[in-house]
Amino acid sequence: MLHLRKVVPFVPEHSTAIADMRDALGVADSEIRLLTRFLGLERIVTAEGLTTLDMLLALGQEALAGADRSLVRYLIHAHTVQHVAPPALRWMDVLRDKLGLAEAAAFSMSHQGCVIGLSALRAAEALLGTEPAGSTALILIGEKALSPVMQHIPGTSVLGDATAGVLVALDGPGDVLLSTAHRTLGEFHRARHMSEELAQRYTQAYTPTLASVMVEAVHSAGLEIGEIDLVLPHNVNRYSWTATARRLGLPLERVYLENVPTMGHCFCADPFVNLSTARAENAVRPGETVLMVSAGQGGTFAAAVARTAAREE
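Numbering that gives the first Met the number 0 numbers the first residue of the sequence shown as 0 and each following residue consecutively.
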(Lines of atoms letter the chains of each structure in order from A and count residues from 1; the text may use other names and numbers.)
(Lines give C-alpha, C1' and ligand atoms only; values in the text may rest on other atoms or scores of the structure.)
Protein backbone atom coordinates (compact mmCIF):
# COMPACT_ATOMS: atom_id res chain seq x y z
CA MET A 1 0.00 0.00 0.00
CA LEU A 2 1.07 3.56 -0.63
CA HIS A 3 2.06 5.57 2.44
CA LEU A 4 1.90 9.34 2.53
CA ARG A 5 5.03 9.82 4.60
CA LYS A 6 4.84 13.59 4.66
CA VAL A 7 2.17 16.05 3.52
CA VAL A 8 3.10 19.73 3.53
CA PRO A 9 1.10 22.74 2.33
CA PHE A 10 2.31 26.01 0.88
CA VAL A 11 -0.31 28.63 1.76
CA PRO A 12 0.67 32.22 0.91
CA GLU A 13 0.27 34.77 3.68
CA HIS A 14 -1.42 37.30 1.40
CA SER A 15 -5.12 37.05 0.59
CA THR A 16 -7.62 39.08 -1.43
CA ALA A 17 -11.31 39.66 -0.78
CA ILE A 18 -13.45 38.34 -3.63
CA ALA A 19 -15.71 41.37 -3.14
CA ASP A 20 -12.77 43.51 -4.30
CA MET A 21 -12.05 41.44 -7.42
CA ARG A 22 -14.89 42.54 -9.69
CA ASP A 23 -12.70 44.59 -12.02
CA ALA A 24 -9.77 42.14 -11.93
CA LEU A 25 -12.06 39.28 -12.94
CA GLY A 26 -14.12 41.37 -15.34
CA VAL A 27 -17.45 40.28 -13.84
CA ALA A 28 -20.69 41.97 -12.81
CA ASP A 29 -21.75 42.73 -9.24
CA SER A 30 -24.30 39.93 -9.50
CA GLU A 31 -21.53 37.37 -10.01
CA ILE A 32 -19.66 38.66 -6.95
CA ARG A 33 -22.86 38.39 -4.89
CA LEU A 34 -23.42 34.84 -6.14
CA LEU A 35 -19.88 33.78 -5.23
CA THR A 36 -19.87 35.37 -1.78
CA ARG A 37 -23.42 35.29 -0.48
CA PHE A 38 -24.67 32.03 -1.99
CA LEU A 39 -21.58 29.90 -2.64
CA GLY A 40 -19.77 30.75 0.60
CA LEU A 41 -16.52 32.14 -0.84
CA GLU A 42 -14.98 35.20 0.84
CA ARG A 43 -11.26 35.42 0.10
CA ILE A 44 -8.57 33.69 -1.94
CA VAL A 45 -4.90 33.29 -1.05
CA THR A 46 -2.55 34.92 -3.56
CA ALA A 47 1.17 34.25 -3.98
CA GLU A 48 2.27 37.85 -4.41
CA GLY A 49 5.77 38.12 -5.87
CA LEU A 50 6.15 34.34 -6.26
CA THR A 51 6.09 32.11 -9.30
CA THR A 52 4.79 28.55 -9.42
CA LEU A 53 8.42 27.42 -9.52
CA ASP A 54 9.18 29.36 -6.33
CA MET A 55 6.30 27.65 -4.54
CA LEU A 56 7.25 24.18 -5.77
CA LEU A 57 10.88 24.61 -4.70
CA ALA A 58 9.81 25.71 -1.23
CA LEU A 59 7.43 22.76 -1.01
CA GLY A 60 10.06 20.30 -2.16
CA GLN A 61 12.63 21.45 0.36
CA GLU A 62 10.15 21.19 3.22
CA ALA A 63 8.82 17.79 2.15
CA LEU A 64 12.36 16.41 1.80
CA ALA A 65 13.68 17.77 5.11
CA GLY A 66 15.23 14.85 6.96
CA ALA A 67 14.65 12.41 4.08
CA ASP A 68 17.30 10.48 2.17
CA ARG A 69 17.21 12.21 -1.22
CA SER A 70 19.13 9.40 -2.89
CA LEU A 71 16.05 7.18 -2.40
CA VAL A 72 13.72 9.51 -4.33
CA ARG A 73 13.14 7.76 -7.65
CA TYR A 74 10.40 10.02 -9.04
CA LEU A 75 9.70 13.73 -8.95
CA ILE A 76 6.17 14.43 -10.15
CA HIS A 77 4.45 17.79 -10.69
CA ALA A 78 0.67 17.42 -10.84
CA HIS A 79 -1.01 20.53 -12.21
CA THR A 80 -4.53 21.40 -13.35
CA VAL A 81 -3.81 23.78 -16.22
CA GLN A 82 -2.22 21.93 -19.14
CA HIS A 83 0.61 24.41 -19.71
CA VAL A 84 2.29 26.13 -16.76
CA ALA A 85 5.55 27.13 -18.49
CA PRO A 86 7.10 27.12 -21.97
CA PRO A 87 8.76 23.74 -22.66
CA ALA A 88 12.13 25.39 -23.24
CA LEU A 89 12.33 26.36 -19.56
CA ARG A 90 12.59 22.66 -18.60
CA TRP A 91 11.02 23.24 -15.19
CA MET A 92 11.20 19.62 -14.10
CA ASP A 93 14.95 19.49 -14.73
CA VAL A 94 15.38 22.73 -12.79
CA LEU A 95 13.32 21.36 -9.89
CA ARG A 96 15.20 18.07 -9.82
CA ASP A 97 18.60 19.79 -9.84
CA LYS A 98 17.75 22.41 -7.22
CA LEU A 99 16.22 19.77 -4.93
CA GLY A 100 19.29 17.54 -5.26
CA LEU A 101 17.38 14.54 -6.63
CA ALA A 102 20.08 13.06 -8.85
CA GLU A 103 18.48 9.58 -8.87
CA ALA A 104 14.96 10.75 -9.75
CA ALA A 105 13.09 10.66 -13.04
CA ALA A 106 11.17 13.94 -13.29
CA PHE A 107 7.91 14.52 -15.13
CA SER A 108 4.63 16.39 -14.90
CA MET A 109 1.00 15.21 -15.07
CA SER A 110 -2.06 17.11 -16.29
CA HIS A 111 -5.17 16.76 -18.51
CA GLN A 112 -7.36 15.54 -15.64
CA GLY A 113 -8.48 18.90 -14.32
CA CYS A 114 -8.43 19.33 -10.56
CA VAL A 115 -8.40 15.58 -9.86
CA ILE A 116 -4.82 15.26 -11.10
CA GLY A 117 -3.37 15.52 -7.60
CA LEU A 118 -5.29 12.43 -6.48
CA SER A 119 -4.51 10.68 -9.78
CA ALA A 120 -0.80 11.23 -9.15
CA LEU A 121 -1.05 9.03 -6.05
CA ARG A 122 -2.06 6.08 -8.22
CA ALA A 123 0.73 6.78 -10.70
CA ALA A 124 3.33 6.99 -7.95
CA GLU A 125 2.13 3.74 -6.38
CA ALA A 126 2.41 1.88 -9.70
CA LEU A 127 5.86 3.29 -10.47
CA LEU A 128 7.27 2.57 -7.03
CA GLY A 129 6.18 -1.04 -7.43
CA THR A 130 8.98 -1.42 -9.98
CA GLU A 131 11.66 0.08 -7.75
CA PRO A 132 13.87 -1.32 -4.95
CA ALA A 133 12.47 -1.46 -1.42
CA GLY A 134 12.67 1.85 0.39
CA SER A 135 12.29 3.96 -2.75
CA THR A 136 10.23 7.12 -2.52
CA ALA A 137 8.50 9.61 -4.81
CA LEU A 138 7.94 13.32 -4.32
CA ILE A 139 4.68 14.72 -5.68
CA LEU A 140 4.35 18.51 -5.99
CA ILE A 141 0.74 19.53 -6.48
CA GLY A 142 -0.76 22.73 -7.85
CA GLU A 143 0.11 25.99 -9.54
CA LYS A 144 -0.43 29.72 -9.50
CA ALA A 145 -3.39 31.35 -11.22
CA LEU A 146 -1.89 33.58 -13.92
CA SER A 147 -4.97 35.13 -15.53
CA PRO A 148 -8.66 35.83 -14.90
CA VAL A 149 -9.54 32.92 -17.19
CA MET A 150 -7.59 30.58 -14.91
CA GLN A 151 -8.80 32.27 -11.73
CA HIS A 152 -12.56 32.34 -12.21
CA ILE A 153 -15.03 29.54 -12.95
CA PRO A 154 -18.24 31.46 -13.75
CA GLY A 155 -21.05 30.80 -11.32
CA THR A 156 -18.93 28.32 -9.41
CA SER A 157 -15.65 29.44 -7.79
CA VAL A 158 -12.55 31.62 -7.66
CA LEU A 159 -9.10 30.04 -7.68
CA GLY A 160 -6.36 30.67 -5.11
CA ASP A 161 -2.65 29.89 -5.11
CA ALA A 162 -2.06 27.33 -2.33
CA THR A 163 -0.05 24.23 -3.28
CA ALA A 164 0.99 21.00 -1.57
CA GLY A 165 3.85 18.52 -1.50
CA VAL A 166 3.61 14.81 -0.66
CA LEU A 167 6.49 12.39 -0.08
CA VAL A 168 5.22 8.85 -0.69
CA ALA A 169 6.55 5.29 -0.41
CA LEU A 170 5.24 1.73 -0.38
CA ASP A 171 6.07 1.39 3.30
CA GLY A 172 5.62 3.50 6.39
CA PRO A 173 5.59 5.62 8.35
CA GLY A 174 2.74 7.84 7.19
CA ASP A 175 -0.92 7.89 6.29
CA VAL A 176 -1.96 4.68 4.52
CA LEU A 177 -3.81 4.94 1.21
CA LEU A 178 -6.56 2.32 1.42
CA SER A 179 -8.29 2.84 -1.94
CA THR A 180 -8.91 5.18 -4.86
CA ALA A 181 -11.72 5.67 -7.36
CA HIS A 182 -11.78 7.65 -10.58
CA ARG A 183 -14.32 8.41 -13.26
CA THR A 184 -14.25 10.46 -16.45
CA LEU A 185 -17.42 11.56 -18.24
CA GLY A 186 -15.85 12.27 -21.59
CA GLU A 187 -18.88 13.89 -23.17
CA PHE A 188 -18.18 16.95 -21.02
CA HIS A 189 -14.56 17.35 -22.14
CA ARG A 190 -15.11 20.85 -23.55
CA ALA A 191 -15.61 22.17 -20.01
CA ARG A 192 -16.50 25.87 -20.07
CA HIS A 193 -16.80 25.71 -23.86
CA MET A 194 -19.74 23.26 -23.77
CA SER A 195 -23.05 24.11 -25.36
CA GLU A 196 -25.77 25.37 -23.02
CA GLU A 197 -27.62 22.06 -23.30
CA LEU A 198 -24.52 20.03 -22.47
CA ALA A 199 -23.66 22.36 -19.58
CA GLN A 200 -27.12 21.75 -18.11
CA ARG A 201 -26.60 17.99 -18.40
CA TYR A 202 -23.27 18.32 -16.62
CA THR A 203 -24.87 20.29 -13.81
CA GLN A 204 -27.46 17.54 -13.40
CA ALA A 205 -24.82 14.79 -13.47
CA TYR A 206 -22.30 16.49 -11.17
CA THR A 207 -23.62 15.71 -7.70
CA PRO A 208 -24.80 12.13 -8.41
CA THR A 209 -21.47 11.28 -10.08
CA LEU A 210 -19.34 12.83 -7.35
CA ALA A 211 -21.32 11.01 -4.66
CA SER A 212 -21.07 7.74 -6.58
CA VAL A 213 -17.28 7.99 -6.89
CA MET A 214 -17.00 8.73 -3.17
CA VAL A 215 -19.05 5.64 -2.33
CA GLU A 216 -16.99 3.55 -4.75
CA ALA A 217 -13.75 4.56 -3.02
CA VAL A 218 -15.22 3.89 0.41
CA HIS A 219 -16.52 0.46 -0.58
CA SER A 220 -13.18 -0.41 -2.19
CA ALA A 221 -11.61 0.21 1.21
CA GLY A 222 -14.07 -2.24 2.78
CA LEU A 223 -15.97 0.54 4.55
CA GLU A 224 -19.33 2.29 4.53
CA ILE A 225 -19.74 6.04 4.12
CA GLY A 226 -20.83 6.34 7.75
CA GLU A 227 -17.43 5.02 8.85
CA ILE A 228 -15.58 7.95 7.28
CA ASP A 229 -14.45 10.32 10.00
CA LEU A 230 -13.87 13.34 7.77
CA VAL A 231 -14.27 14.26 4.10
CA LEU A 232 -11.43 16.42 2.75
CA PRO A 233 -12.92 18.08 -0.34
CA HIS A 234 -11.85 20.36 -3.12
CA ASN A 235 -12.80 23.88 -2.06
CA VAL A 236 -14.97 24.70 -5.07
CA ASN A 237 -17.77 26.21 -2.95
CA ARG A 238 -19.92 25.44 0.09
CA TYR A 239 -23.20 24.97 -1.76
CA SER A 240 -22.06 22.04 -3.90
CA TRP A 241 -20.81 20.19 -0.83
CA THR A 242 -24.05 20.81 1.00
CA ALA A 243 -25.87 19.12 -1.88
CA THR A 244 -23.40 16.21 -2.03
CA ALA A 245 -23.50 15.59 1.73
CA ARG A 246 -27.30 15.61 1.64
CA ARG A 247 -27.33 13.05 -1.16
CA LEU A 248 -25.00 10.77 0.82
CA GLY A 249 -26.85 11.23 4.09
CA LEU A 250 -23.63 12.58 5.55
CA PRO A 251 -23.74 15.29 8.25
CA LEU A 252 -22.27 18.47 6.78
CA GLU A 253 -20.01 18.90 9.82
CA ARG A 254 -18.11 15.82 8.65
CA VAL A 255 -17.08 17.66 5.48
CA TYR A 256 -14.08 19.88 6.16
CA LEU A 257 -15.11 23.24 4.71
CA GLU A 258 -13.07 25.57 6.90
CA ASN A 259 -10.71 26.58 4.08
CA VAL A 260 -13.42 27.37 1.51
CA PRO A 261 -14.07 30.98 2.64
CA THR A 262 -10.44 31.81 3.47
CA MET A 263 -8.44 30.19 0.64
CA GLY A 264 -10.76 29.62 -2.29
CA HIS A 265 -10.41 26.67 -4.65
CA CYS A 266 -6.67 26.02 -5.08
CA PHE A 267 -6.70 23.87 -8.20
CA CYS A 268 -5.69 20.23 -7.53
CA ALA A 269 -4.04 20.90 -4.14
CA ASP A 270 -7.20 21.33 -2.02
CA PRO A 271 -7.59 17.81 -0.52
CA PHE A 272 -3.92 17.72 0.51
CA VAL A 273 -3.92 21.24 1.96
CA ASN A 274 -7.11 20.33 3.81
CA LEU A 275 -5.52 17.15 5.18
CA SER A 276 -2.62 19.17 6.55
CA THR A 277 -4.69 21.97 8.10
CA ALA A 278 -7.30 19.56 9.50
CA ARG A 279 -4.51 17.61 11.17
CA ALA A 280 -3.00 20.79 12.62
CA GLU A 281 -6.40 21.82 14.00
CA ASN A 282 -7.06 18.32 15.45
CA ALA A 283 -10.11 18.06 13.21
CA VAL A 284 -8.67 14.67 12.20
CA ARG A 285 -6.88 12.50 14.73
CA PRO A 286 -4.43 9.60 14.52
CA GLY A 287 -5.97 6.39 13.25
CA GLU A 288 -9.05 8.05 11.76
CA THR A 289 -10.23 7.45 8.22
CA VAL A 290 -10.47 10.35 5.77
CA LEU A 291 -11.92 10.62 2.28
CA MET A 292 -10.11 12.99 -0.07
CA VAL A 293 -12.29 14.12 -2.98
CA SER A 294 -12.04 16.30 -6.05
CA ALA A 295 -13.76 17.02 -9.34
CA GLY A 296 -12.36 18.68 -12.42
CA GLN A 297 -13.62 20.64 -15.38
CA GLY A 298 -14.03 18.31 -18.29
CA GLY A 299 -16.03 15.71 -16.34
CA THR A 300 -13.38 14.14 -14.10
CA PHE A 301 -14.06 12.85 -10.57
CA ALA A 302 -11.74 11.18 -8.05
CA ALA A 303 -11.70 10.06 -4.42
CA ALA A 304 -9.16 8.40 -2.15
CA VAL A 305 -9.53 6.83 1.30
CA ALA A 306 -6.64 7.07 3.76
CA ARG A 307 -6.07 6.09 7.38
CA THR A 308 -4.12 8.75 9.21
CA ALA A 309 -0.86 8.00 10.97
CA ALA A 310 0.06 8.95 14.52
CA ARG A 311 2.29 11.72 13.23
CA GLU A 312 4.20 12.82 10.16
CA GLU A 313 7.88 11.95 10.14
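The beta carbon of each residue, even a glycine, is placed where N, CA and C say it ideally should be.
In this structure the segment 261–269 touches the segment 143–162; the number of beta carbon pairs closer than 8 Å is three or more. Here DSSP, grouped into helix, strand and coil, assigns L229 to strand.
Shortest Cα-Cα distance from L158 to any of W240, L63, A301, G295 involves G295. Bridge pairing for A77: M108, I140 [DSSP].
DSSP places S178 in the strand class (E or B) of the three-state scheme.
Contact check for A216 and V283: beta-carbon distance about 17 Å, past the 8 Å limit, so the pair fails to qualify. For V283, no alpha helix (DSSP H) run applies, since DSSP gives it neither H nor E.
In this model, L137 and K97 are separated by some 14 Å (Cα to Cα). Fewer than three Cβ pairs drawn from the segment 123–133 and the segment 218–235 lie within less than 8 Å of each other, which leaves the two stretches out of contact. Excluding the 5 residues flanking it on each side, C113 has same chain C-beta neighbours closer than 7 Å at T79, H233, F266, C267, S293, A294, G295, in chain order. Distance from the CA of H110 to the CA of E280, rounded to the nearest whole angstrom, comes to 33 Å.
In this structure, the straight-line span from the alpha carbon of G298 to that of E186 is close to 8 Å.
In this chain, the beta strand (DSSP E) harbouring A16 covers 14–16.
With distances taken between CA atoms, A64 lies nearest to L166 out of R32, I140, I31, L166.
A distance below 8 Å between beta-carbons, with the five flanking residues on each side excluded, links T206 to the following residues of its chain, in chain order: S239, A242, T243, R246. Here M291 carries a strand assignment [DSSP, helix/strand/coil].
Annotated three-state conformation of V10 is coil, per DSSP.
Counting the other Cβ atoms within 10 Å of the Cβ of T202 gives fewer than 16, which makes it exposed. The alpha carbon of L55 has as its nearest neighbour, out of M193, V83, A277, the alpha carbon of V83.
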